[in-house]
Amino acid sequence: MHRDSTSLKEEPMTPIAYTTTIVTAFYSFKKAKHTQDSYNQWLANFLVYIDNPMVIFTCEKEVPFLHRLRNNLTNKASSTVFILNFSSPLEMPPIKKLEIVFIRQFHKDPENALHSVDLYSIWCAKSYMLNLTSSLNPFRSNYFLWIDAGSFRNPKYRFRHWPDARRIKSIFHNNDRLLLGLISPLKKRSCDFHTDQKHTVPNYDLIEGGILGGSSSVIQWWTEIFYETIDEFIHMDEFIGKDQYIMNFIALTYPWKISVILAYKAFCDNHWFVYGPLLASDFERWILFGDNCGAKNIMELVRPLNEVCAQLL
Numbered sequence: 082m083h084r085d086s087t088s089l090k091e092e093p094m095t096p097i098a099y100t101t102t103i104v105t106a107f108y109s110f111k112k113a114k115h116t117q118d119s120y121n122q123w124l125a126n127f128l129v130y131i132d133n134p135m136v137i138f139t140c141e142k143e144v145p146f147l148h149r150l151r152n153n154l155t156n157k158a159s160s161t162v163f164i165l166n167f168s169s170p171l172e173m174p175p176i177k178k179l180e181i182v183f184i185r186q187f188h189k190d191p192e193n194a195l196h197s198v199d200l201y202s203i204w205c206a207k208s209y210m211l212n213l214t215s216s217l218n219p220f221r222s223n224y225f226l227w228i229d230a231g232s233f234r235n236p237k238y239r240f241r242h243w244p245d246a247r248r249i250k251s252i253f254h255n256n257d258r259l260l261l262g263l264i265s266p267l268k269k270r271s272c273d274f275h276t277d278q279k280h281t282v283p284n285y286d287l288i289e290g291g292i293l294g295g296s297s298s299v300i301q302w303w304t305e306i307f308y309e310t311i312d313e314f315i316h317m318d319e320f321i322g323k324d325q326y327i328m329n330f331i332a333l334t335y336p337w338k339i340s341v342i343l344a345y346k347a348f349c350d351n352h353w354f355v356y357g358p359l360l361a362s363d364f365e366r367w368i369l370f371g372d373n374c375g376a377k378n379i380m381e382l383v384r385p386l387n388e389v390c391a392q393l394l
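Mind the numbering: the sequence shown is residues 82 to 394 in the working numbering, read in order.
Given below as structure tokens:
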């Protein structure tokens, strides 16, 4: 049964429980970083092949297009829920009040030729969408994984059983940490961050924004801290439009609450998106990428952030 959610009322639970629910969003903006043709191809890689359940935040006009993709090869409609309550991320409760700040701070963005208020809004809304999905939990999942809809850019990213349940269970077994992607090696100055009373904002490439996830409880913790940190940034007159800077700040402040994918150590693709093959099953990864990922044991590439820091001391 295909379910188009037009209200936030919890729907009847599916009789099947899944390990992981994928959460994503798609809204068309006038100003985008890439062409529509590129987005269409990346969306196809992501939506057509994956059988795992998805919750997709979007608006009414995009549903026919997204629905076609989810039904293109196999009948995956029963594993898709659309959240249609918001025609734009700017309508989401924690984001509404930020629009005026986004507009005011636009000139601070060194990449404002590529960015827009709309992009800021969806970046800053990811945590809200992930947390809302975990509270509704339409697929009775244990874990929830935000994935940027346009991040499956490599045409080899055509996984079916993704993320692999065994890999997800290995990552989250006996811990309640949030999973993030680390795209650059840590330096000692970064690891000293949570003891630095000045708390200078780490505005460099460290934590990526394309993936975040965990259990419902750790997602709730993260979401509360995320929007509290945005308020703190506003008070300090720091730029809030780029979610990676906020994620850097939180991860380095609470490293014992975070696990990181050491993306820069994987070899099979661009480190920004390598969580695709890393979270695939051994069989699918081998078929599509051979032995080139360096990821036979996922826990060699997923480590608690505080342990990564401890190795630098």
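No residue lacks a Cβ here, since even glycine has one placed at the ideal position from N, Cα and C.
Taken through DSSP and simplified to helix, strand or coil, TYR224 comes out as strand. Counting C-beta atoms within 10 angstroms of its own C-beta, ASP312 has fewer than 16 neighbours from the protein chains shown and is therefore classed as exposed.
Assigned with DSSP and collapsed to three states, ARG248 falls in helix. Here THR214 is buried, its C-beta having at least 16 other C-beta atoms within 10 Å. Under the criterion of beta carbons closer than 8 Å, ILE292 and LEU226 qualify as touching, at roughly 7 Å. Using a C-beta cut-off of 8 Å, the segment 235 to 246 makes no contact with the segment 321 to 332, since fewer than three inter-stretch Cβ pairs fall below that distance. For GLU289, the uninterrupted beta strand (DSSP E) segment begins and ends at 288 to 295. Under the 8 Å Cβ criterion, the segment 116 to 133 counts as touching the segment 233 to 240, having at least three qualifying pairs. As DSSP reads the structure, MET135 sits in a beta bridge with ILE103 and THR161. For ARG258, no alpha helix (DSSP H) segment is defined, and its DSSP state is neither H nor E. Taking a C-beta distance under 8 Å as the contact criterion, TRP123 and ILE264 do not qualify as a contact pair. Annotated three-state conformation of ILE264 is coil, per DSSP.
Straight-line spacing of the CA atoms in GLU192 and PHE320 works out to 12 Å. If you keep only unbroken beta strand (DSSP E) runs of at least 3 residues inside the segment 314 to 373, you get 339 to 343.
DSSP, reduced to helix, strand and coil, places ARG241 outside both helices and strands of the structure shown, so it counts as coil. Counting only the Cα atoms, VAL282 lies some 9 Å from PHE314. When Cβ pairs closer than 8 Å are counted between the two stretches, the segment 175 to 187 is seen not to touch the segment 136 to 153, the count staying below three. In this structure, the straight-line span from the alpha carbon of PRO219 to that of PRO385 is close to 29 Å. With fewer than 16 neighbouring CB atoms inside 10 Å of its own CB, GLY371 falls in the exposed class.
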